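K.L.:
Chains as they are written, first to last, in the working numbering: chain R, 9 to 362; chain U, 506 to 766. Got a structure for you, questions after.
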């Protein structure tokens with residue numbers, strides 16, 4: 009009898025199969041169009057954009073490389089040949105493999121632009137030497153530094169990673185705890201908030217003179233500075249997220265028999281998580297900055313130290329090599345944090361445009 | 506004998522409740538919102554509270570829920586005074602207020618988790634999801650639900666604690682007319698299935714007549730219960746029967762909304 013009544017409601021007539029569960033809120037029409045686009049074969053121009061761009065870059069390089077010693081240019085020449093080869097292989101493979109095709113459709117313009125930009129850089133620096141040396145080496149010189157100094161670069165990256173992770177972890181943990189306390193408890197907010205507002209905005213790097221005196225070693229002081237840089241945004245955003253928990257959620261939880269632990273850990277904190285992630289991203293940006301500065305001040309290792317060391321020797325090829333490593337390193341960490349956010353905030357999907 | 510004891514326990518007693526709030530324009534004076542409210546609910550009764558906005562209906566529900574405390578007067582659930590929120594008084598708002606970070610299933614079992622009894626009572630989760638017909642949406646997040654479905658989930662979440670009294674604060678007020686009528690039947694079905702005592706705050710006179718055993722009409726500023734009407738119509742009720750329409754006319758007359766003759 010009950011069952012009859014339930015299924016009798018047109019509003020809740022159950023979906024015919026589980027695949028129709030409303031877990032994918034995208035619009036069906038848009039979905040269909042997207043799929044059609046993804047599955048149709050790529051025409052020749054987009055498929056060949058990257059190889060053609062790579063050939064252009066190669067031609068530029070071969071045109072100018074005759075006047076330089078082979079040692080200085082052959083790894084770059086090889087590198088461009090590799091781009092040509094890989095992009096040709098991908099252009100052929102995408103005809104047989106659909107996921108690759110939609111990925112290539114998405115990435116083609118960017119890769120093309122990137123390869124052409126390297127070619128342009130080659131023309132401006134190595135080709136016509138329009139920019140003063142040694143400050144603006146060509147791509148070939150940078151690639152050569154990257155390869156020849158790889159051991160030291162790898163070692164520096166490893167040190168930076170260790171420093172960054174230890175500082176960031178400590179900063180996030182302390183920031184979460186202080187943010188939750190300030191956001192939840194009125195007395196803690198009364199005493200904590202003014203301190204946070206006065207001390208927090210000081211850039212962490214401004215504490216370097218003090219940190220070098222106070223801490224037992226340069227590594228500890230660098231990690232502490234990174235933690236401090238992360239702590240402020242994480243605390244601020246966590247506290248505001250917690251104290252802005254909608255009162256109605258707390259009221260509902262109380263009428264369900266919730267105690268204080270439930271209200272804090274299962275209502276206020278989940279409600280604050282979107283805010284907390286903003287704090288985590290801001291803290292990550294601040295930690296990169298602090299890492300590079302702290303590296304070059306006290307610590308005798310790490311990417312920041314490497315950059316200033318290479319600059320001291322006027323080895324600008326190595327400076328750019330380190331910048332490239334940093335770009336890859338930092339953006340990878342940023343991407344990982346985005347992945348974590350996507351996983352944790354899956355309940356927001358379809359509510360908020362990311 | 507046992508049945509009698511249970512009956513005693515689930516009735517709600519309200520005696521001479523007064524509540525005032527600081528006036529928004531002058532924080533030094535307090536405006537009375539509720540001015541000596543008294544009534545009681547028998548076990549298993551479904552009573553509606555109607556009245557214009559600002560007459561303190563929602564304030565009264567918050568007092569009964571224990572979310573606020575009265576200036577004076579006595580609130581009793583069975584023989585026990587109400588001092589703070591508790592699982593024996595469920596509350597459903599106009600906005601379903603489902604926790605957006607929990608799936609429908611986890612929302613419905615929130616009360617069991619909050620009281621630390623999920624392990625003993627986990628099979629009840631399925632029972633209550635079935636009761637409101639949301640089994641297929643168990644793993645969906647609240648923003649995927651329609652207004653009616655979300656409100657059904659909110660009802661199940663409140664009922665899973667087996668409250669002695671379920672307080673409903675305009676629970677269907679945000680729904681469209683058709684969904685609202687369907688949900689009225691749904692609430693009645695839950696009421697008949699569980700015999701939970703219900704106190705329903707509503708703006709909708711038809712809804713009050715259609716659903717309740719008794720209607721209490723409140724007057725605004727300060728809120729008082731002006732009149733109590735017993736609805737003796739047989740269930741299920743006909744929304745367009747003569748008796749129904751006559752009652753409706755009486756209430757509209759009483760509230761001075763009948764229109765000029």
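All residues carry an ideal CB built from backbone N, CA and C; glycine is no exception. Keep in mind that this is a model prediction, so the values were computed, not measured.
Please classify residue 571/U: is it buried, with 16 or more other beta-carbons within 10 angstroms of its beta-carbon, or exposed?
P.N.:
By the 10 Å Cβ count, residue 571/U comes out buried.
K.L.:
For residue 519/U, write down the residues that DSSP places opposite it in a beta bridge.
P.N.:
Bridge partners of residue 519/U: 544/U and 580/U.
K.L.:
Determine the burial state of residue 32/R: buried for a count of at least 16 other Cβ atoms within 10 Å of its Cβ, exposed for fewer.
P.N.:
Unreliable placement is indicated for residue 32/R, whose pLDDT of 42 sits below 50; no coordinate value is reported for it.
K.L.:
Taking only the alpha-carbon atoms, compute the straight-line gap between residue 538/U and residue 575/U and give it to the nearest angstrom.
P.N.:
Using only the alpha carbons, I get a separation of about 10 Å.
K.L.:
Kindly indicate which three-state DSSP category residue 32/R falls into: helix, strand or coil?
P.N.:
Confidence is the limiting factor: at residue 32/R the pLDDT is only 42, short of 50, which leaves the residue's position unreliable and the question unanswerable from this model.
K.L.:
With distances taken from CA atoms, which of 146/R, 119/R and 107/R is nearest residue 72/R?
P.N.:
Out of 146/R, 119/R and 107/R, 146/R has the C-alpha closest to the C-alpha of residue 72/R.
K.L.:
Just to confirm, does residue 314/R get its C-beta within under 6 Å of one of the non-hydrogen atoms of the ligand HEM?
P.N.:
For the structure depicted, the ligand HEM is absent and the ligand set is empty, with no information on it obtainable.
K.L.:
Measuring CB to CB, does residue 692/U end up less than 7 Å from residue 594/U?
P.N.:
Cβ distance not < 7 Å, so residue 692/U and residue 594/U don't count as in contact.
K.L.:
Within a Cβ cutoff of 6 Å, which residues of the same chain sit near residue 247/R, ignoring the five residues on either side of it in sequence?
P.N.:
Around residue 247/R: 187, 190 and 191.
K.L.:
Span of the beta strand (DSSP E) holding residue 733/U?
P.N.:
Segment 729 to 735, the beta strand (DSSP E) holding residue 733/U.
K.L.:
At a Cβ cut of 7 Å, what residues of the segment 602 to 616 of chain U count as close to chain R, listed as they run along the chain?
P.N.:
Answer set for the segment 602 to 616 of chain U: 602, 604, 605, 606, 615 and 616.
K.L.:
Suppose contacts are defined by Cβ-Cβ distances below 7 Å. Is residue 643/U in contact with residue 609/U by that definition?
P.N.:
Yes, these two residues count as a Cβ contact at 7 Å.
K.L.:
Residues of chain R with a CB under 8 Å from the CB of residue 600/U: which are they?
P.N.:
Within 8 Å Cβ-Cβ: 256.
K.L.:
By DSSP's criteria, residue 722/U is part of a beta bridge. Which residues make up the other side?
P.N.:
Answer is 555/U and 732/U.
K.L.:
Does DSSP classify residue 742/U as helix, strand or coil?
P.N.:
The answer is coil: DSSP assigns residue 742/U none of H, G, I, E or B.
K.L.:
Which of the three DSSP states, helix, strand or coil, is assigned to residue 525/U?
P.N.:
Three-state result, residue 525/U: strand.
K.L.:
Spell out whether any CB of chain R is found under 7 Å from the CB atom of residue 596/U.
P.N.:
Yes, residue 596/U lies at the interface with chain R (some Cβ there is under 7 Å from its Cβ).
K.L.:
On the DSSP bridge list, what partners appear for residue 74/R?
P.N.:
Its beta-bridge partners do not exist; DSSP assigns none.
K.L.:
Give a yes or no on whether the C-beta atoms belonging to residue 311/R and residue 336/R are separated by under 7 Å.
P.N.:
For residue 311/R and residue 336/R, no; Cβs fall outside 7 Å.
K.L.:
Relative to the alpha-carbon of residue 757/U, which residue among 714/U, 727/U, 528/U and 739/U has its alpha-carbon at the smallest distance?
P.N.:
Answer by Cα proximity: 714/U.
K.L.:
Which value, in whole angstroms, describes the spacing of the CA atoms of residue 55/R and residue 604/U?
P.N.:
Going from the Cα of residue 55/R to the Cα of residue 604/U covers about 47 Å.
K.L.:
How many angstroms separate the CA atom of residue 230/R from the CA atom of residue 118/R?
P.N.:
Their backbone Cα atoms lie some 37 Å apart in a straight line.
K.L.:
Against residue 93/R, what residues of chain U qualify as contacts under a CB-to-CB distance less than 9 Å, listed in chain order?
P.N.:
Ordered by position in chain U, no residue passes the 9 Å Cβ test against residue 93/R, which lies about 46 Å from the chain.
K.L.:
Would you say residue 164/R and residue 314/R are within 7 Å of each other, going by their C-beta atoms?
P.N.:
Yes, the Cβ-Cβ distance between residue 164/R and residue 314/R is below 7 Å.
K.L.:
Would you call residue 8/R buried or exposed, if buried means 16 or more other Cβ atoms sit within 10 Å of its Cβ?
P.N.:
The first residue shown for chain R is 9 and the last is 362, placing residue 8/R beyond what the model contains.
K.L.:
Below 8 Å on C-beta distance, what does residue 559/U contact in chain R?
P.N.:
Result: empty, since nearest Cβ-Cβ is about 19 Å, beyond 8 Å.
K.L.:
Taking the alpha-carbon of residue 323/R as reference, which of 139/R, 241/R, 143/R and 84/R has the nearest alpha-carbon?
P.N.:
Among 139/R, 241/R, 143/R and 84/R, the Cα nearest to that of residue 323/R belongs to 143/R.
K.L.:
Distance check for residue 613/U and residue 725/U, CA to CA, integer angstroms please.
P.N.:
Rounded to the nearest angstrom, the two C-alpha atoms are 35 Å apart.
K.L.:
From which residue to which residue does the alpha helix (DSSP H) around residue 709/U run?
P.N.:
That residue, residue 709/U, is in no alpha helix (DSSP H); it is neither H nor E in DSSP.
K.L.:
Which bits of chain R does residue 592/U rub up against, with CB to CB less than 8 Å?
P.N.:
Neighbours of residue 592/U on chain R, chain order: 263, 264 and 265.
K.L.:
Classify residue 762/U as buried or exposed, calling it buried when 16 or more other Cβ atoms lie within 10 Å of its own Cβ.
P.N.:
Per the 10 Å Cβ criterion, exposed.
K.L.:
What do you reckon, are the CB atoms on residue 272/R and residue 249/R nearer than 7 Å?
P.N.:
Not a contact, by the Cβ cut-off of 7 Å.
K.L.:
In chain R, which residues lie with their C-beta within 9 Å of the C-beta of residue 572/U?
P.N.:
Neighbours of residue 572/U on chain R, chain order: 259, 262 and 263.
K.L.:
Between residue 519/U and chain R, is any beta-carbon pair separated by less than 7 Å?
P.N.:
Residue 519/U does not count as touching chain R.
K.L.:
Which bits of chain B does residue 355/R rub up against, with CB to CB less than 7 Å?
P.N.:
Reference to chain B is not applicable here, since the protein chains of this structure are R and U.
K.L.:
Flag this pair as yes or no: are the beta carbons of residue 703/U and residue 551/U separated by less than 7 Å?
P.N.:
Their beta carbons are under 7 Å apart, which means residue 703/U touches residue 551/U by this criterion.
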